[in-house]
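Residue numbers (my numbering): 576 to 1134.
C-beta: ideal position from N, C-alpha, C; glycine also.
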């Protein structure tokens, strides 16, 4: 049985369901989280440190806070260390310490004035702001005018697992927009004209930053840690600079990020893909984001339409593979399809394109599984049908061979009589008529068998005609009469209403003849075979009853 050239509707419906299911799963929280895990794995596998880094973290670490009076003295200490840093003329200084409250007493206000003076000495200063329930939390008025820009430090942690894979380059509160602290530091340290926006990206000084959506999310290319798990971003303790002022030379021509890294006092310590579950100081995340901007090695995220189109292509390819191929060839191509889908996200990631893993992989696995299962059951059904057809053909050959014996015996016997004895012309004519009649009968049997085979293959049309019932029964009864006489079997024709039939008369006559010959063959000698035909509504029921051995129930199903 040849497979149709076009896939069946059921096959297409099954693959369509697979496509919709895989896409829907890809949008669920578990599917998104699997994509996150895959992203982190590929990131750690492919991340490499840049040849040079432009940023330095000046840290208020545990030692600094412990030896300088803690957070209460932070502003005084910050003013002191900024005096040392500003002398080295860094490219820019970004402070990740919220300074929203002004000093409450005289000593605190004096510390604020010293810090404001230190801020004014810094070239390209960026101060932080954050979103609070009432809107923007800006620096206190005493500090606000000292900065060239305010940069937001609003977090971008993933809602599913709290890992910061990307940061919002812009944030809006109460109708006011602020750019990210790292972006402002990059803008001030690389002065190159205004910032240009488009729906897909941000352009600054010829650097195109792929960041779309309402928050302008940018994936951070984190600098991988060293072999001992330490950050490669240079981090200098504030206390070290105060103790050894010459250490401040490390900040020359660098972008300095100042923040609290103490585990007990840090305001935020997010998780990042390269930290293996260990919290990272927020100021270090800003430094990583800056290095991403400075290195101009940005990730782009594949859009929804390309992903949907790719999933649809995978399902279509799997369907075509298992429709037009079978066996090991189909399974090999299906396995190759699945393997290529699992490798593709890694290849694209190495080219800075983030492509989801779960949706396409699920599409490939499910479509290959469903298509292979469908093919398996279709092949089994075809095999059973082929076996049934072969059995029917063998039975038909056996039957025709058996039926041919009677006319062949008559022809053989008559021809031997003519050759052996010297009959009169009348007798020779009679024997010749027998040979001619049996030859025609044999030819008719062969033609009928071929017609039945062509009919079963759909290669022959039924010759429908209207005829009387007697034209169906009388020829069949006449043909089996000699066979019945030899066994002394009486054929009794009961009630046969003279009704009209519509159908292929030759094939119907063959069927009736088959029933009669079987009844005579399998009946004992000197018995009776009865034939009746009764009209029942719009149908005619023909019944042949003998006195033979009967048939098993299992054999009846094969008729």
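Please state if the CB of residue 744 and the CB of residue 786 are separated by a distance shorter than 8 Å.
-> yes
- Message: With three or more beta-carbon pairs closer than 8 Å as the criterion, would you say the region 688-702 touches the region 717-734?
- Response: Because the criterion of three Cβ pairs below 8 Å is met, the region 688-702 and the region 717-734 touch.
Margin query: Cutting at 7 Å between CB atoms, please list the residues of its own chain near residue 791, excluding the five before and the five after it.
Written below: 743, 744, 745, 777
| message | Between 672, 737, 895, which has its C-alpha nearest residue 945's C-alpha? | response | 895
According to DSSP, what are the bridge partners of residue 710?
-> 707
Residue 793 lies in the beta strand (DSSP E); which residues open and close that run?
Where residue 793 is concerned, the enclosing beta strand (DSSP E) stretches over 792-794.
**Item:** CA nearest to the CA of residue 766, picked from 688, 753, 780, 1008
**Value:** 780
Task: Alpha-carbon spacing of residue 891 relative to residue 784, whole angstroms - done: 35 Å
>> I'd like to know if the region 754-771 and the region 852-869 are in contact, where contact means that at least 3 CB-CB pairs between them fall below 8 Å.
In response: yes
* What distance in whole Å lies between the Cβ atoms of residue 635 and residue 813, which are believed to be in contact at a cut-off of 8 Å? -> That pair is a contact at about 5 Å.
Within 10 angstroms of the Cβ of residue 1013, are there 16 or more other Cβ atoms? Answer buried if so, exposed if not.
buried
Where residue 678 falls: helix, strand or coil (DSSP) | coil
- Is the Cβ-Cβ distance between residue 524 and residue 940 less than 8 Å? Since the first residue shown for the chain is 576 and the last is 1134, residue 524 is missing from the structure and cannot be characterised.
Residues near residue 652 in its chain [Cβ-Cβ closer than 8 Å; skip 5 each side]: Closer than 8 Å at Cβ, skipping near neighbours: 635, 639, 643, 644, 813, 817.
Which residue comes first and which comes last in the beta strand (DSSP E) that contains residue 825?
Segment: none, residue 825 is in no beta strand (DSSP E) and carries neither H nor E.
Length of the line joining the Cα atoms of residue 1078 and residue 1084:
One C-alpha to the other measures close to 11 Å.
**Q.** Same chain, Cβ closer than 8 Å to residue 1006, five either side skipped, listed in chain order
**A.** 989, 992, 993, 998
> Among 1107, 833, 815, 1110, which residue has its Cα nearest to the Cα of residue 650?
Replying inline: 833
(message) For the region 835-855 against the region 609-619, do three or more pairs of beta-carbon atoms, one drawn from each stretch, fall closer than 8 Å, so that the two count as touching?
(response) yes
Exercise for review: Report the residue ranges of all alpha helix (DSSP H) runs contained in full by the region 938-1008; include only those spanning at least 4 residues, in chain order.
Suggested key: none
Quiz prompt | For residue 937 and residue 597, the rounded distance between their alpha carbons | solution = 6 Å
Taking 8 Å as the cut-off, does the region 616-630 touch the region 916-931 (at least 3 CB pairs, one atom from each stretch)? yes
Using a threshold of 8 Å, state whether the C-beta atoms of residue 1116 and residue 1106 are closer than that. no
Could you please give me the residues that DSSP links to residue 745 through a beta bridge? 754
CB of residue 1088 within 8 Å of CB of residue 1055, strictly: yes
**Cβ shell of residue 587 (< 8 Å), same chain only, five flanking positions each side left out** = 894
Residue 694 in three-state terms, based on DSSP = helix
Worksheet item: Do the region 820-834 and the region 664-684 touch if we need at least three Cβ pairs shorter than 8 Å?
Response: yes
Note to self: Assuming the contact rule is C-beta atoms closer than 8 Å, residue 660 and residue 823 should be a hit. Round their C-beta distance to whole Å, please.
What the structure shows: 6 Å
In whole angstroms, what separates the C-alpha of residue 831 from that of residue 679?
-> 29 Å
> Where residue 708 and residue 752 are concerned, what is the direct C-alpha to C-alpha distance, given to the nearest angstrom?
Replying inline: Answer to the nearest angstrom: the Cα atoms are 15 Å apart.
- Query: What are the start and end residues of the beta strand (DSSP E) that includes residue 785?
  - Reply: Where residue 785 is concerned, the enclosing beta strand (DSSP E) stretches over 782-785.
TODO: Counting only the same chain and skipping the five closest in sequence on each side, list residues whose C-beta sits under 6 Å from that of residue 1065.
DONE: 1103
Expressed to the nearest angstrom, what Euclidean distance is found between the alpha-carbon atoms of residue 615 and residue 738?
If I take the Cα positions, the gap works out to 10 Å.
In whole angstroms, what separates the C-alpha of residue 837 from that of residue 800? 19 Å
DSSP puts residue 671 in a beta bridge; with which residues? According to DSSP, residue pairing for residue 671 in a beta bridge involves 834.
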